[in-house]
Structure formats: structure tokens, C-alpha cells
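Q: Chains A and B supply the protein sequences, listed in that same order.
Everything in the first sequence is counted per the numbering used here, starting at 297 for the first residue and increasing by one.
Everything in the second sequence is counted per the numbering used here, starting at 114 for the first residue and increasing by one.
Glycine included, each C-beta is placed from N, C-alpha and C at the ideal position.
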Amino acid sequence: MLPALLVKLLVVVLVAVVGYYGWLFFKINRTEKNIVNTQGEVTRVKQELVNVSNRGEIYTRQAQLMELNKLIDSHPYWSNVFPAIAKVTLKKAAYSNMVVNNDGTATISVTVPTLEDVDRYLQVFDMADVSGNFSDLKVGAFHKSQEGDGISYKFDVRLKFNPVLLKYNNLAE
Amino acid sequence: MNINIQSNIIPKMQMPSVASAPSRNALVELVLLTIVIGLFTWFLVLPKKADLKIRTVAYDEVKKNYESIAGDVSTLKELNLKLENNKENIQKLDEALPLRERTVVTQLLFSKIAQTSGVVVGDINIASPGDEVAAGNKELIKNPYAPQRKLKILPVNISVNGTMSQLLDLIKKLEDYGRLMDITSITMSVEQENKLDLRLNLNTYYFPPQ
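Structure follows, in C-alpha cells:
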């Protein structure tokens, strides 16, 4: 009785396996057809891609825009620097020569009326809120000069300024 | 004539037993079916299944490729539409970073900016763009956007004379102007009472074909 039952079961299994094989056969055919159709679509969209009008200009503009954005990020705003320098300058001091570079260095020729003013001029840069933007001040030789009736003292100053001052919206406070 | 056949003379026929024959057949069928199923599965179903897997992977790749290209086409079409609807911004882009450099135009531009600030222009020195074709590039005329491009720097030196406020105005105009210009160094010196000499080193840029 049991072998007969097992035979029936195996017949069912065989039918199922044959059915599965048939399904695999069908599925492979369908997948193959899909591959061929999709490859046809790929060819079509590739052609469409080539034929998109202004394609060359789009690529050029994209590259141009990318370069411009990079340049704008590093664009220096010098008009931020001069008010910051003016703010830390004594009213009695006058500048006769100034060289400022975008690497954050500056050389300035300063004229003040008295030796005490030279000291006052330098003291400003020791203040904590000033040293954030201007630092490492080095002073060259003093020259005493006669201008009209008055005497003045000239000296060169080399200093570093914070390059952040050159960034947009970083106006010195 | 009467023939008497004795029943004991006839040998008894050996008939198979009713219970054991089907059982043996069933066992044979069981074995055969198992072999058939095994062989069918091993030689036909499993290779077919592996084949389907390979083709499914291939189809997925082709499909992914298609979707990627179709996406590119759609993006390009959108960008093309934006390009056509933003002519004004494109002009600004070309002003900020020109696709070609004409030194004369740049010279005129600096003169114009200096004049509007009221300073007296001493000298405007623009570096030569080397052996670049300034005009009449046949390939470029035929297809202005096809070649690969590379950013180039054009150094400019300007010497002007004016009051402090004029010079500051000039610096402000240069840094805010539509054509991108990066001042790299500023040299200011007193020439006479209220008059200053200003020398500016700056870089301006363009994006020509390589």
C-alpha cells in the first residue's frame, strides 16, 4: 500500500518538476525577449542622447559654471580690509606707503608726530580684539624728519592680517 | 473411451501470489520514477535554472543601463530647457568667465572702470595670452562648444592716481564687477597732498579651448 502511495507522490513530483521546467523555459524566453527589447531601447535612448540639441553647450556651461563657483569661493573682498586697518590706526598716524598682499601680509610706512605716538600706535595691536585680525607686527628703523615747522617720526611696519577679512561678509568689527 | 485423469497427475500450476506482485511493481516504479526525476532535475532543470539566473542578471544590467541613459536624456532635456530660458544669466556667466579672451576688450573694460571712479590711469598692462588664436579659429567657429576647455589666468597690472576715496571706489568696483577679478596685491603711496598712487596686481580669468 505504501509503495503505491509513494509512486503516486513521485508522479506528482515528476509532473511538478516538468511543470517547473516548462516555467523556466518560458521565463528564459521571456527574459531573452526583454533583453533584446531593452537593448533596442538602449540604442534608441543613446541616439536620443546624441541628438539632444545644445548638448555641447550644456556640458561647456556646466564646466564653466563649476569653475566660476570655485573662483567665487576664493574671491577676495579688499574693501573689507581697509576699514579694518583704519579702525586700528591712531588718528594722529598717517600712512605714506602701503603694500598689502592676498597671502595676509602687509607693509605700511607710518608717520606719527611724537615718539610717544609710536608706542601708542604699537599698543593698539596688543589689544585682544585687534590681535584677532592683525598680528606679528614688526617695526623697522625710525626716521626723525622735519616737515614745515613740525617734527615727525616715520617707520615701516610689517604685519600679518587675517585672510578671513578678504572673505565676503566678513567685515571687520 | 473414457479417460480418467487423476487429479493428482496434473501438476499444480504455480500461480504468483495476488499480494506480492503489485507490491514489487510499485517498488520498481518507485525506483524508476526516482531515477527519472533525479536525472530530469540534474540534467535539464538545474542547468535551465542557472541559465535563467544568468539571463536575469544580464537583463538587470541592461535595464539599469537603459534607466541610467534615459535619466541622462531626461536631465539633458531639462538642462536644455533651462539653458534656453536663462539667456540673461548665460550672458552674466560669459561676462564673469568668458569662453575666450580678447585682450583689447579687457583693456577697454579696465579703462572704463577706472574712468568711472574718477582716477587718472597711468598704465594698464595685460599679460599676453600666448600663442592662442585670437580670431578666425575655424574649428571653434564650426563647433563653438565641442572642444575641451581649461581655466586660464590672465594677470593684469594697473597703475592709477587719485584721492583715497577714488582709489577705494576703484577697488570696490573691481571686486564687485561682473567680470571676475581677484586683486592679489595693492601698493599705495603718497604722491602729493591728497593724491595717491595706486598699483594693483590682479588676476582675471577665462575658459578657452585646450
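1) Could you check which residue in A:L364, A:I381, A:R416, A:K342 has the C-alpha nearest to that of A79 (chain B)?
2) Tell me, please, whether the CB atom of F320 (chain B) is closer than 7 Å to any CB atom in chain A?
3) Does the distance from the CB of E344 (chain A) to the CB of V186 (chain B) come in under 7 Å?
4) Using 8 Å as the Cβ pair cut-off and three pairs as the minimum, do the region 139-156 of chain B and the region 399-408 of chain A touch?
5) For the region 303-337 of chain A, which residues have a beta carbon sitting closer than 8 Å to at least one beta carbon of chain B?
6) Ends of the beta strand (DSSP E) at E363 (chain A)?
7) Going by C-alpha to C-alpha distance, which of A:Q419, A:T334, A:G315 sits closest to A107 (chain B)?
8) Report the three-state DSSP secondary structure of Q220 (chain B) (helix, strand or coil).
9) Please list the partners that N398 (chain A) has in chain B, where partner means a Cβ-to-Cβ separation under 8 Å.
10) Report all residues from its chain with a CB closer than 7 Å to the CB of L222 (chain B); omit the five preceding and five following residues, and keep chain order.
11) Which residues in the same chain as L386 (chain A) place their Cβ atom closer than 8 Å to its Cβ, once the five residues preceding and following it in sequence are excluded?
12) Tell me the rounded alpha-carbon separation between I354 (chain A) and K190 (chain B).
13) Taking the DSSP output, what are the residues bridged to T300 (chain B)?
14) From L264 (chain B) to V426 (chain A), what distance separates their C-alpha atoms?
15) Quick one: what's M297 (chain A) bridged to in DSSP?
16) If contacts are defined as beta-carbon pairs under 8 Å, then V377 (chain A) and V396 (chain A) qualify, I think. What distance do you get, rounded to the angstrom?
17) Mind checking if V420 (chain A) is an interface residue toward chain B, Cβ cutoff 7 Å exclusive?
18) Verify whether the separation of the beta carbon atoms of L462 (chain A) and L433 (chain A) is less than 7 Å.
19) Straight-line CA distance for G446 (chain A) to K440 (chain A)?
20) If you drop the 5 nearest sequence neighbours on each side, which residues of the same chain put their C-beta closer than 8 Å to that of P211 (chain B)?
21) Give the residues of chain A in contact with Y172 (chain B), contact being defined as C-beta atoms less than 8 Å apart.
22) So which residues of chain A does R168 (chain B) contact, with C-beta pairs closer than 8 Å?
23) Relative to the alpha-carbon of Y449 (chain A), which residue among A:G428, A:L298, A:Y317, A:S392 has its alpha-carbon at the smallest distance?
24) Would you verify that the beta carbon of K176 (chain B) is, or is not, closer than 7 Å to some beta carbon of chain C?
25) Let me check understanding here. Comparing Cα to Cα, which of A:P299, A:V308, A:R340, A:S349 lies closest to A134 (chain B)?
26) Enumerate in chain order the residues of its own chain whose CB-to-CB distance from L287 (chain B) is below 8 Å, with the five nearest sequence positions on each side excluded.
27) For the region 302-311 of chain B against the region 253-263 of chain B, do three or more pairs of beta-carbon atoms, one drawn from each stretch, fall closer than 8 Å, so that the two count as touching?
28) Contact criterion: CB-CB distance below 7 Å. Does M394 (chain A) meet it with respect to chain B?
29) How many Å lie between D164 (chain B) and N330 (chain A) at the Cα?
30) Taking only beta carbons into account, state which residues of the region 252-273 of chain B come closer than 7 Å to chain A, listed in chain order.
31) Please specify which runs of the beta strand (DSSP E), each continuous and at least 3 residues long, are wholly inside the region 392-451 of chain A, giving them in chain order.
A: If we stick to the structure as given:
1) Since the first residue of chain B shown is 114 and the last is 323, residue 79 (chain B) is not available in this structure.
2) One-based indexing of the second sequence puts residue 320 (chain B) at position 207. Yes, its Cβ sits closer than 7 Å to a Cβ of chain A.
3) Counting from 1 along the first sequence, the entry for residue 344 (chain A) is found at position 48. Counting from 1 along the second sequence, the entry for residue 186 (chain B) is found at position 73. Less than 7 Å divides the Cβ of E344 (chain A) from the Cβ of V186 (chain B).
4) Short answer: they don't touch.
5) Hits within the stretch, in order: V303, L306, V307, V309, L310, V313, V314, Y316, Y317, L320, F321, K323, I324, T327, E328, N330, I331, T334, Q335, E337.
6) On the first sequence, residue 363 (chain A) is found 67 positions in, with the first residue counted as 1. Boundaries around E363 (chain A) are those of the alpha helix (DSSP H), 351-369, since no beta strand (DSSP E) includes it.
7) Here chain B has residues from 114 to 323 only, and residue 107 (chain B) is not among them.
8) Mapped onto the second sequence, residue 220 (chain B) falls at position 107. DSSP places Q220 (chain B) in helix when its eight states are reduced to three.
9) Along the first sequence, read from residue 1 onward, the residue named residue 398 (chain A) stands at position 102. Taking a Cβ-Cβ cut-off of 8 Å, the neighbours of N398 (chain A) in chain B comprise D295, I296, T297, S298, given in sequence order.
10) Position 109 of the second sequence, counting from 1, holds the residue named residue 222 (chain B). R292, listed in sequence order.
11) Residue mapping note: residue 386 (chain A) aligns to position 90 of the first sequence, counting from 1. Excluding residues within five positions, the ones whose Cβ falls inside 8 Å are V408, D413, R416, Y417, V420.
12) Within the first sequence, numbered from 1, the residue matching residue 354 (chain A) stands at position 58. Within the second sequence, numbered from 1, the residue matching residue 190 (chain B) stands at position 77. CA-CA distance, I354 (chain A) to K190 (chain B), rounds to 10 Å.
13) Reading the second sequence from its first residue, position 187 is the one you call residue 300 (chain B). Answer by DSSP bridge pairing, in chain order: A:V395, B:R312.
14) What you label residue 264 (chain B) is simply residue 151 of the second sequence in a count that begins at 1. What you label residue 426 (chain A) is simply residue 130 of the first sequence in a count that begins at 1. If I take the Cα positions, the gap works out to 38 Å.
15) On the first sequence, residue 297 (chain A) is found 1 positions in, with the first residue counted as 1. The partner list for M297 (chain A) (beta bridge, DSSP) is empty, contrary to what the question assumes.
16) The residue given as residue 377 (chain A) occupies position 81 in the first sequence. The residue given as residue 396 (chain A) occupies position 100 in the first sequence. The Cβ separation is near 7 Å, so the contact holds.
17) As a first step, residue 420 (chain A) is located in the first sequence; it is residue number 124 there, counting from the start. Taking Cβ atoms only, chain B never reaches closer than 7 Å to V420 (chain A), which makes this a no.
18) For the purposes of this step, residue 462 (chain A) is taken as residue 166 along the first sequence, with counting starting at 1. For the purposes of this step, residue 433 (chain A) is taken as residue 137 along the first sequence, with counting starting at 1. Contact flag unset, no.
19) Your numbering for residue 446 (chain A) matches position 150 in the first sequence. Your numbering for residue 440 (chain A) matches position 144 in the first sequence. G446 (chain A) and K440 (chain A) have their alpha carbons spaced roughly 11 Å apart.
20) The residue you call residue 211 (chain B) lines up with position 98 of the second sequence. Sequence-distant partners of P211 (chain B) (beyond 5 residues in either direction) whose C-beta falls short of 8 Å from its own C-beta, in its chain, are R292, Y319, F320.
21) Here residue 172 (chain B) refers to the residue found at position 59 of the second sequence. Result: T327, N330, I331, T334.
22) Indexing the second sequence from 1 puts residue 168 (chain B) at position 55. Per Cβ cutoff of 8 Å: I324, T327, E328, I331.
23) Within the first sequence, numbered from 1, the residue matching residue 449 (chain A) stands at position 153. For the options A:G428, A:L298, A:Y317, A:S392, the alpha carbon positioned closest to that of Y449 (chain A) is the one of A:S392.
24) In summary, chain C is missing from the structure at hand, where the protein chains are A and B.
25) By 1-based counting over the second sequence, the position of residue 134 (chain B) is 21. Selected option, being the one with the closest Cα: A:P299.
26) On the second sequence, residue 287 (chain B) is found 174 positions in, with the first residue counted as 1. Hits under 8 Å: I226, M294, I296, L313, L315.
27) The way I'd put it, the region 302-311 of chain B doesn't touch the region 253-263 of chain B; fewer than three beta-carbon pairs between them come closer than 8 Å.
28) The sequence position of residue 394 (chain A) within the first sequence is 98, counting from 1. Interface residue, yes.
29) Taking the first residue of the second sequence as position 1, residue 164 (chain B) is located at position 51. Taking the first residue of the first sequence as position 1, residue 330 (chain A) is located at position 34. Here the C-alpha atom of D164 (chain B) lies approximately 15 Å from the C-alpha atom of N330 (chain A).
30) Under the 7 Å Cβ criterion, the region 252-273 of chain B contributes N256, Y258, A259, R262, L264.
31) DSSP runs (the beta strand (DSSP E)) wholly in the region 392-451 of chain A: 401-408, 430-443.
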